[in-house]
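Here the protein sequences come in this chain order: A and B. According to this note's numbering, the first sequence holds residues 2 to 176 in order. According to this note's numbering, the second sequence holds residues 5 to 196 in order. For every residue, glycine included, the Cβ atom is placed at its ideal position computed from N, Cα and C. Please read these numbers as outputs of a predicted model, since none were measured by experiment.
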Amino acid sequence: MPDKETPSFEGLYKAHHLKVQRLCRMLLRDTAEAEETGQEVFLKMFKQYQTASWPNDWSAWLTRVTVNACHDRRKSAWWKWWRSSNGEVQFAEYPSSARTPEQEALGREQRVHIWRAFRELSGRQREVFVLRYLEGWSTEEVAKSLAISEGSVKNHLFRAVHSLREALKKNGEGS
Amino acid sequence: MNPCLEDKTLFLISEGEVSEEQQSHLLSCPSCAKRYHEMGRDLRFITQTLQQEPPALRIAARAPIVYKSLPLAAGVLLAIALLWGESRLSRPHPSSEQIANGDVSQFLEQVSEAIFERGSIREVETASSESDLASVQVALGENCSADCRELFINSLSTDVKFKTKTVEQPVVAIRGRPVDPAMQHMVSDRGR
């Protein structure tokens with residue numbers, strides 16, 4: 002049970018809820034579904050918080066639980082996917098004042114292309130990429146968390162990086 | 005000089021999987037070194053981009069559910085048609101002999117219907133030439149001896165109740181068919 006030295010549930014929620022929501026949005030296609038999954042993750046965190054066995058690192062625990070929750074959600078949401086698959090995802094980014102208009106236009110288009118390519122990756126490739134490059138986990142940690150081999154992690158990573166670079170190159174050639 | 009490294013090899017090198025040979029090639033080959041640095045630069049840019057908030061998402065107008073359901077409906081119909089066709093094929097075919105027997109029995113039934121008017125089977129009994137002649141003579145109003153008339157009248161009175169095959173029976177006794185009273189009256193008048 003928590004005491005005065007340990008973080009409160011509200012504190013943990015405030016510290017991590019943005020990261021969890023962001024992870025869900027990256028790993029799932031549907032925004033509403035991402036929000037639902039984020040709430041599920043915090044419900045699990047609340048249950049875990051009430052037990053005597055706390056994880057050493059809440060951040061890593063939340064990342065792992067979030068990735069698994071999104072994975073489960075993707076598996077069970079084939080019907081929703083079929084319904085939404087015909088709808089093409091379109092991106093529209095708002096300009097930032099920190100760059101020149103030319104840089105802004107080029108950068109905006111590149112970002113849109115990268116995000117589109119990222120959303121077109123397979124679920125596993127997105128999971129591996131997020132954990133390895135955005136969360137900064139080692140290949141070994143990713144493999145352990147996703148219950149796959151390190152070789153498989155590297156294969157998924159290479160395909161993901163290759164697809165994303167291709168999207169970047171196409172955009173560079175087109176602009 | 006070793007051939008240039010593949011993209012996957014360059015990626016694995018960035019992941020820490022590198023042999024001495026690959027490392028020496030990377031150091032000595034400007035082309036591979038350039039590709040390696042480009043990959044690292046792209047990866048950093050991609051990671052930075054994905055670490056930022058995603059651009060606003062918008063789902064393009066979806067096709068109406070009716071259009072999207074068409075392939076599904078077509079698939080279901082095809083499955084039903086295949087199942088139906090399979091059940092038709094698996095059903096045993098009647099042999100040509102069975103078909104022939106069926107046709108023959110149907111033909112005989114039709115002939116029987118046509119000959120005997122009603123559906124019941126009637127018995128046609130053979131008659132002797134004597135009673136046959138008597139009947140014909142009476143029917144045509146020809147001169148007929150007393151024995152002849154008696155023979156005919158006897159045949160009428162016995163009619164359908166008895167169908168024994170004797171000489172005294174009518175020429176043709178059809179079971180169930182009543183004797184015409186007018187005919188009988190005429191015969192009796194003539195007999196007097």
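In the DSSP annotation of this structure, the continuous segment of the alpha helix (DSSP H) that includes G12/A starts and ends at F10 to L28. Annotation for A161/A: L122, Q126, V129 and F130 place their beta carbon closer than 7 angstroms to its own, counting only its chain and skipping 5 residues before and after. Annotation for Y134/A: no alpha helix (DSSP H) segment contains it, and DSSP assigns it neither H nor E. With its beta carbon less than 7 angstroms from one in chain B, L169/A belongs to the interface.
Secondary structure note for Q51/A: its alpha helix (DSSP H) is the uninterrupted segment T32 to Q51.
Using beta-carbon distances, I17/B does not count as an interface residue toward chain A, since no partner is under 7 angstroms.
Boundaries cannot be given for E57/B, as no alpha helix (DSSP H) includes it and DSSP labels it neither H nor E. The DSSP-derived three-state label of V22/B is coil.
Close to I115/A, with beta-carbon spacing below 9 angstroms, are these residues of chain B in chain order: F49, I50, T53 and L54.
For the stretch 124–141 of chain A, the beta-carbon criterion of a distance under 7 angstroms to any beta-carbon of chain B is satisfied by Y134, L135 and T140. With a 10 Å radius around the Cβ and a threshold of 16 neighbouring Cβ atoms, D107/B comes out exposed. Between the stretch 63–72 of chain A and the stretch 18–30 of chain A, the count of Cβ pairs shorter than 8 angstroms is three or higher; the stretches touch. Residue contact check for L165/A against chain B: a CB pair falls below 7 angstroms. Taking a C-beta distance under 7 angstroms as the contact criterion, V66/A and K45/A qualify as a contact pair. Between the stretch 44–55 of chain B and the stretch 134–145 of chain A, the count of Cβ pairs shorter than 8 angstroms is three or higher; the stretches touch. Straight-line measurement puts the Cα of A83/B at about 11 angstroms from the Cα of L76/B. With respect to the C-alpha of S77/A, the residue from G124/A, H163/A and Q111/A having the closest C-alpha is G124/A.
Taking 9 angstroms as the Cβ-Cβ cut-off, the stretch 36–65 of chain A has no residue approaching chain B.
A distance of 7 angstroms or more separates the beta carbons of L63/A and H18/A.
For R120/A, the secondary structure class from DSSP, reduced to helix, strand or coil, is helix. A distance of 7 angstroms or more separates the beta carbons of F159/A and K38/B. With a threshold of 7 angstroms between beta carbons, D46/B makes contact with chain A. The residues C33, S35 and C36, in chain order, have a CB closer than 7 angstroms to that of C8/B in the same chain once the five nearest residues on each side in sequence are set aside. If you draw a 10 Å sphere on the C-beta of I119/B, you find fewer than 16 other C-beta atoms in it, and that means exposed. Minimum Cα-Cα distance from L47/B among the listed residues E25/B, P59/B, L14/B and L30/B corresponds to L14/B. With fewer than 16 other CB atoms across the displayed protein chains lying within 10 angstroms of its CB, R92/B is exposed. The beta-carbon of P58/B is placed less than 7 angstroms from the nearest beta-carbon of chain A. Taking the CA atoms as reference points, R109/A sits about 20 angstroms from R23/A. Spanning the alpha carbons of L74/B and A118/A requires a straight line of approximately 29 angstroms.
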